[in-house]
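Numbering (the working numbering), first residue to last: 3 to 274.
To start, the structure itself, in structure tokens.
Here's what the structure looks like:
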């Protein structure tokens, strides 16, 4: 019903006013993309660094404990992350981080305006923490199946340890690592509870990361029970369907990229 009434304009419209029957999904698409992109910017370097350390540099007795501790983060319910972010992360960003960002980077326009704590920055940080275990775990599996002779050949040619990792390991594992990142993106796009608690839930498009925003998953969680008429409910369902389709495509693409490197080979088969 929403598509029949609004057509493609539903995804490009900025107004969201259920009282007057105006429904535009762009603020939610924008909030989802910005918070997910910010999460990837934060999470990818950390996750790949952890994967490289565990696979290539970590002493053997410490590999399993570090891997277990990293994967344990993925088992924590998202509501726990959200509550932690509400009481710890949001005040930390508001009191300590935001003033520094505004002082040194306000010229970019990304860190301006009042800082309420509940913002796209807070959503991006908490989602980054949540997707680090996913990206790190899959990247570790991908790095582990790179043939051992690639490492030995690089060292035999006089490469340093870091050059061996960069040219012999990371270069061969690049498609799989990209797939791991895309899988993390799929999780970030669909994250609901943690984002709902800290993003601010304001249907606006703001350049500043310190401003509140809204995500596609959050608007469904917040407003579906309030959708009393068919058009309102149809608009929310249409947002959910769009998010579902995008997430499915992202996950399939990522799985194919990871498979292109591992070919179903378990991590324990490295060097065979």
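All C-beta atoms, glycine included, are put in the ideal place defined by N, C-alpha and C.
About 11 Å separates the Cβ atoms of residue 200 and residue 217, ruling out a contact at the 8 Å cut-off.
In the three-state reduction of the DSSP assignment, residue 13 falls in the helix class, which pools H, G and I.
Within the same chain, 183 come within 6 Å of residue 46 by CB-CB distance, once the 5 residues on both sides are set aside. DSSP, reduced to helix, strand and coil, places residue 113 outside both helices and strands of the structure shown, so it counts as coil. Scanning 128, 21, 27 and 209 for the CA closest to the CA of residue 11 turns up 27. Beta-bridge pairing by DSSP links residue 261 to no other residue.
Boundaries cannot be given for residue 169, as no alpha helix (DSSP H) includes it and DSSP labels it neither H nor E. Linking residue 110 to residue 190 through their CA atoms gives a straight-line distance of about 25 Å.
A distance below 7 Å between beta-carbons, with the five flanking residues on each side excluded, links residue 167 to the following residues of its chain, in chain order: 54 and 58.
Between residue 176 and the set 225, 203, 142 and 94, the nearest pair of CA atoms involves 142. Just so you know, the alpha carbons of residue 92 and residue 126 end up roughly 12 Å apart. Sixteen is the threshold: since fewer than 16 other Cβ atoms of the shown chains lie within 10 Å of the Cβ of residue 97, the residue is exposed.
Non-local beta-carbon contacts of residue 221 in its own chain, meaning distances under 6 Å to residues more than five positions away in sequence, involve 30 in chain order.
Counting every other CB atom within 10 Å of its CB across the protein chains shown gives residue 123 a total of 16 or more, marking it as buried.
Listed in chain order, the non-local C-beta contacts of residue 179 below 7 Å within the same chain comprise 50, 141 and 144, local neighbours out to five positions each way being set aside. Here DSSP, grouped into helix, strand and coil, assigns residue 19 to strand. Following the DSSP letters along the chain, one finds residue 206 in no alpha helix (DSSP H), marked with neither H nor E. In this structure, residue 194 places its C-beta atom within 8 Å of the C-beta atom of residue 223.
Counting along the chain, no alpha helix (DSSP H) covers residue 120, and no H or E run does either. Linking residue 15 to residue 9 through their CA atoms gives a straight-line distance of about 10 Å. Per DSSP, reduced to three states, the secondary structure at residue 154 is helical. Here the alpha carbons of residue 74 and residue 82 stand approximately 13 Å from one another. Between the C-alpha atoms of residue 87 and residue 129 there is a straight-line separation of about 10 Å. For the pair residue 114 and residue 34, the Cα-to-Cα distance works out to about 20 Å.
Secondary structure note for residue 73: its alpha helix (DSSP H) is the uninterrupted segment 62–76.
Taking 8 Å as the cut-off, the beta carbon of residue 187 is found closer than this to the beta carbon of residue 42. Around the beta carbon of residue 25, 16 or more other beta carbons sit within 10 angstroms, so the residue counts as buried.
In the DSSP assignment, residue 91 falls outside any alpha helix (DSSP H) and carries neither an H nor an E. Residue 121 is not a Cβ neighbour of residue 205, given a cutoff of 8 Å.
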